[in-house]
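Read through the structure below, which is laid out as structure tokens, and then see the notes.
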Amino acid sequence: MNYNDREKPLTENGDVRFEHGSVTPEQLTAWVATGFDGRIGLRYTELTPDRVRAEFEVTPDLHQPAGLLHGGVHCAVIESIASCAAGLWWGSRGSVVGVNNNTDFLRAAREGMLYGEASPIHRGKTQQIWVVTISDAEQRLVARGQVRLQNIQGSKELGR
Numbered sequence: 323m324n325y326n327d328r329e330k331p332l333t334e335n336g337d338v339r340f341e342h343g344s345v346t347p348e349q350l351t352a353w354v355a356t357g358f359d360g361r362i363g364l365r366y367t368e369l370t371p372d373r374v375r376a377e378f379e380v381t382p383d384l385h386q387p388a389g390l391l392h393g394g395v396h397c398a399v400i401e402s403i404a405s406c407a408a409g410l411w412w413g414s415r416g417s418v419v420g421v422n423n424n425t426d427f428l429r430a431a432r433e434g435m436l437y438g439e440a441s442p443i444h445r446g447k448t449q450q451i452w453v454v455t456i457s458d459a460e461q462r463l464v465a466r467g468q469v470r471l472q473n474i475q476g477s478k479e480l481g482r
């Protein structure tokens, strides 16, 4: 089964239903399991309109040639968590799409669990800005990113 074949919670206008209370962290993790989030092992642990948390394990498959976690993984995790958070807040009004991702890499990681947390900076009618921090098991900041997302109403044909 590929990512687009999975059963999705849909609204009446065909948008993915993604609002607070409509999906659990376990359901979201299962829904994205065959997509990119699943490939990097991202697991959602908390979903609210004001905060989303997720975790993943640093494995050799995610390393760059020097044996450190690839910075692109941080960027992807930050974008995924921010997009989920923004989508939960925007709810059944439509979809959100990332339009800018600025990620700072602060500490190298070779192994172990990392934990991401998204919180809002701005939530408006047309766009949202979320900050996402990634920390290690000792609660040391590993990466920090800020994602700007566009709110889109009636997005059934988005990307077509």
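Quick note on my numbering: the sequence shown kicks off at 323 and runs consecutively. Ideal Cβ placement from N, Cα and C applies to all residues, glycine included.
Contact fails between the stretch 419-437 and the stretch 353-363, because fewer than three Cβ pairs, one in each stretch, are under 8 Å apart. Around the C-beta of Leu384, 16 or more other C-beta atoms lie within 10 Å, and the residue is accordingly described as buried.
In this structure, Val399 is the residue among Trp412, Gly446, Val399 and Leu350 with its C-alpha nearest to the C-alpha of Asn424.
Between the C-alpha atoms of Ala407 and Gln472 there is a straight-line separation of about 13 Å. Taking Gln386 as reference, the option from Arg432, Asp458, Ser457 and Val464 with the minimal CA-CA separation is Arg432.
The C-alpha of Thr370 lies about 15 Å from the C-alpha of Ile443. Secondary-structure assignment with DSSP links Arg375 through a beta bridge to Glu368 and Glu439. The continuous stretches of beta strand (DSSP E) do not include Gly360, which lies in the alpha helix (DSSP H) extending over residues Phe358 to Arg361.
Thr381 and Leu391 have their C-alpha atoms roughly 8 Å apart. The beta carbon of Gln468 is closer than 6 Å to those of Asn424 and Val453 in its chain, skipping five residues each way along the sequence. Counting of Cβ neighbours within 10 angstroms places Ala440 among the buried residues, the total reaching 16 or more.
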